[in-house]
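Protein chains in written order, with our numbering: chain A, 8 to 268; chain B, 34 to 418. Beneath this line is the structure, given in structure tokens, with notes to follow.
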Amino acid sequence: MMVAGIDVGAATAKAVILSDESVTGSVVIPTGYDVSTAAESVIREALENSGRKIQELSFVVSTGYGRNAVALSNKAITEIICHACGVNWMVPEARTVIDIGGQDSKVIGIDDKGNVDNFVMNDKCAAGTGRFLEVMSKVLGIGIDNMGRISLQGTEPCSISSTCTVFAESEMVILRARGESRENIIAGIHKAMAHRVALMGRSVGFRKEVVFTGGVAKNEGMKKALEDELSLEILVPEEPQIMGALGAALLARAEAARRLD
Amino acid sequence: MNKQSKGMAKVERYYENYGSRARELSAEGKKVIGYVCSFAPLEMITASGCIPFRLRGDIHEPITKGDTLLETIVCPYYRSCFDLAVKHRYEFLSGMVIPHACDSMVRSFSVWSYSLNLPYFQFVNTPSVVKDSSFEFFNEELKTYKKSLEEFVGKKITDDDLAGAIQLHNENRNKARAVYEFRKPDPPLITGQELAKTLLACSSLPIEESNRLLDEVLEEVGQRKKSPLGKGPRILIDGACIDNAELAGLVEDLGASVVADTICNGSRDYWPKVDEKKPPIEALADRYLDKLNCPKTYRENKTGNFEEDIKARFADIGFTAKEFQVDGAIIYLYRYCDPFGFEVPARKAYYELIHVPLLHLEDLYSAGTIGQLRTRIQAFLEMIG
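Structure representation (structure tokens):
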């Protein structure tokens with residue numbers, strides 16, 4: 008049986024193809040302006056990668072903020088449930104998921120079966136999310152991919168008082184004028200974001216194992232900042248960005264099996 | 034249109050054209066008194082021969098002029114009401130009654146009074162602490178309130194006038210409570226949107242007309258054999274003033290049913306009655322001081338421990354959850370809502386105590402946030418479903 012999960016997020020669209028027990032294709036592309044086009048492209052590419060045809064898909068679950076705009080979808084499920092499911096498959100011991108994506112961040116509590124028992128999401132503004140890091144990387148004149156590596160060289164993270172993108176940008180101006188090192192500034196940015204996540208997630212709690220997902224989880228400086236803030240070790244799956252799409256594919260598989268019965 | 038569908042069609046009309054009936058009555062020379070909040074004693078307005086009219090905000094209307102007169106630390110719902118008032122949405126009003134409820138109402142009273150410049154403006158000082166001395170004080174305050182209305186209309190309000198008004202308002206509460214009964218079947222025979230619209234429509238009408246409208250709704254819904262909704266999780270909405278049907282619509286659009294509430298435009302206001310056996314003023318003091326369960330009122334914790342305290346404070350939530358067989362609850366609050374803001378941790382603890390899954394939503398008062406709410410609500414329904 009072949010199924011797919013499509014996660015159309017604010018910044019990127021992801022697709023995972025699942026054939027029986029194994030992942031046979033996964034792709035990440037920028038979402039761009041047109042959500043439904045992104046969904047089409049990402050699934051087409053994933054199918055090409057695995058050398059399969061669209062007709063072979065027996066069930067498709069869509070997720071992410073564009074979940075209702077996916078023409079191919081048989082069912083739309085929120086990213087909260089999908090992330091929990093994907094993480095549970097990769098790391099069965101996981102009890103907490105921290106997901107930081109392009110426009111939102113969330114903390115999800117899960118049980119041993121991957122069921123969600125509690126969750127919290129950031130408010131409508133994108134403070135302290137992937138978009139925030141993107142803007143900061145532009146302000147500091149370095150590539151987003153280098154932020155983690157550079158921040159790990161910071162010895163004394165600067166204190167950044169606001170994760171509001173607009174206010175933080177003006178804070179950058181002041182810090183640079185004061186001659187602070189880029190390393191310390193970026194470490195400070197990560198620290199401020201980690202603090203925000205810790206505050207937001209306190210009602211859910213951070214039970215072990217804590218797994219970090221979403222595009223921002225690829226940033227090792229952010230991982231370290233979270234570990235320092237929460238005083239515990241954090242696991243990052245190999246491809247943290249596709250956890251939502253993977254969960255969607257797993258749910259698609261369960262749904263397809265249920266319908267066969 | 035057949036006779037059976039008259040009630041809900043009227044509700045829809047009054048809900049969409051909120052204030053249309055009050056505008057007509059005002060044109061006929063009747064005096065319409067606006068109010069905000071469940072703590073405004075309406076029986077007094079009715080007894081004076083005036084018509085109480087509950088102000089609503091509008092989540093589709095950006096707050097503009099209002100924000101030039103009020104600071105944005107005031108909750109967005111109340112700012113929206115004020116904004117509409119200063120933009121002449123409620124130009125038919127002859128007066129306003131604002132009770133001492135949340136801080137925003139107290140602190141902005143003077144801004145309202147000089148911005149609207151209406152012939153009648155009254156602040157009703159409802160104590161925020163329930164003690165013996167509060168009853169004594171509130172009795173006197175209600176007499177002052179009564180006198181202000183008498184001076185405004187140029188006529189005495191007798192005890193008989195008051196008793197008659199109390200009877201009419203109690204009748205209204207009985208009928209509203211009867212509408213809630215249709216929520217008990219699974220799935221419910223009335224949708225959350227319909228019930229929200231019904232009660233909102235009622236709050237824009239003179240009490241006698243509101244009673245007749247409820248009769249028509251009861252008759253229409255009573256004839257239903259089948260629910261308009263599919264079977265889904267049964268949800269309780271907990272919060273303050275939710276003066277539109279959009280939240281209920283969103284929840285029901287996602288496959289659940291809104292079957293209970295604690296809100297000001299719902300059970301907080303419509304369920305508690307006035308004791309008709311007591312002298313009218315005393316009976317009103319009793320209801321408006323001690324029968325409305327709102328976080329603005331402080332009641333002393335006599336047990337000295339947290340668990341007993343929250344059991345005493347939120348028992349009504351537990352009863353409602355049980356009576357209406359709810360599967361989950363949504364606390365829906367506006368940013369900067371001070372009375373509820375202070376209470377959130379205790380309320381959350383209470384839901385844990387009664388084992389009802391809870392989603393806490395903090396929102397602006399704007400139609401623009403529906404997308405963000407949708408994801409949270411859908412995830413919550415998936416979680417409990």
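All C-beta atoms, glycine included, are put in the ideal place defined by N, C-alpha and C.
query: Sequence-distant residues of its chain with Cβ nearer than 8 Å to A/Val-123 (five each side left out); result: Ile-87, Ile-88, Ala-91, Ile-115, Gly-116, Ile-117
query: Counted within 10 angstroms of its Cβ, other Cβ atoms place A/Glu-100 as buried (16 or more) or exposed; result: exposed
query: Buried or exposed by the 16-neighbour rule on C-beta atoms within 10 Å, applied to B/His-121; result: exposed
query: Cross-strand partners of B/Asp-271 (DSSP beta bridge); result: B/Ile-364
query: Coarse secondary structure for A/Lys-225, derived from DSSP in three states; result: helix
query: Cutoff 8 Å: A/Tyr-72 Cβ touching any chain B Cβ; result: yes
query: Chain B residues whose Cβ lies nearer than 8 Å to that of A/Val-123; result: Ala-412, Glu-415, Met-416
query: Candidates B/Leu-126, B/Gln-155, B/Leu-397, of which the one nearest B/Glu-174 by Cα; result: B/Gln-155
query: Whole-Å CB distance - A/Ser-144 paired with A/Gly-150, under 8 Å assumed; result: 7 Å
query: Element boundaries [beta strand (DSSP E), containing B/Ser-127]; result: Note, B/Ser-127: premise wrong, no beta strand (DSSP E); not H, not E.
query: Residue environment, B/Thr-425, which counts as buried when at least 16 other CB atoms sit within 10 Å; result: This structure leaves residue 425 of chain B out entirely; chain B is present only between 34 and 418.
query: Element boundaries [alpha helix (DSSP H), containing A/Lys-113]; result: Note, A/Lys-113: premise wrong, no alpha helix (DSSP H); beta strand (DSSP E) at 112-117.
query: Range of the contiguous beta strand (DSSP E) that encloses B/Tyr-110; result: B/Tyr-110 -> not in any beta strand (DSSP E); alpha helix (DSSP H) instead, spanning 109-119.
query: Secondary structure of B/Phe-339, DSSP reduced to three states; result: helix
query: B/Arg-409 at chain A interface by Cβ criterion, 8 Å; result: yes
query: Backbone CA spacing between B/Tyr-331 and B/Gly-40 [nearest angstrom]; result: 39 Å
query: Proximity test, Cβ basis, 8 Å: A/Phe-126 and chain B; result: yes
query: Chain-order list of residues whose beta-carbon lies under 8 Å from that of A/Asp-41 (same chain, five-residue window excluded); result: none
query: The beta strand (DSSP E) enclosing A/Asp-106, as first and last residue numbers; result: 103-107
query: Chain B residues whose Cβ lies nearer than 7 Å to that of A/Ile-84; result: Glu-415
query: Members of the segment 96-107 of chain A near chain B, C-beta cut-off 9 Å; result: none
query: Partner residues on chain B for A/Ile-87, Cβ-Cβ distance less than 9 Å; result: Thr-408, Arg-409, Gln-411, Ala-412, Phe-413, Glu-415, Met-416
query: Where B/Pro-152 falls, given that 16 or more other Cβ within 10 Å makes a residue buried; result: exposed
query: Three-state secondary structure (DSSP) of A/Asp-124; result: strand
query: Simplified DSSP assignment, three categories, for A/Glu-246; result: coil
query: As assigned by DSSP and simplified to three states, the class of A/Ile-84; result: coil
query: Spatial distance of B/Ala-382 from B/His-393 (CA atoms); result: 12 Å
query: Spatial neighbours of B/Thr-402 in its chain, beta-carbon cut-off 7 Å, leaving aside the 5 residues before and after; result: Asp-396
query: Per-residue DSSP class, three states only, for B/Gly-187; result: coil
query: Contact belief for A/Val-217 with A/Ile-105 at Cβ below 8 Å, rounded distance in angstroms; result: 6 Å
query: Every unbroken beta strand (DSSP E) within the segment 45-94 of chain A, with a cutoff of 3 residues, ordered by chain; result: 64-70
query: With 16 other Cβ atoms within 10 Å as the buried cut-off, status of A/Thr-44; result: exposed
query: Helix, strand or coil at B/Asn-35 according to DSSP, with G and I counted as helix; result: With a pLDDT of only 47 at B/Asn-35, under 50, the local geometry of the prediction cannot be trusted, and no value is derived from it.
query: B/Arg-267 vs B/Asp-219 beta-carbon contact at 8 Å; result: yes
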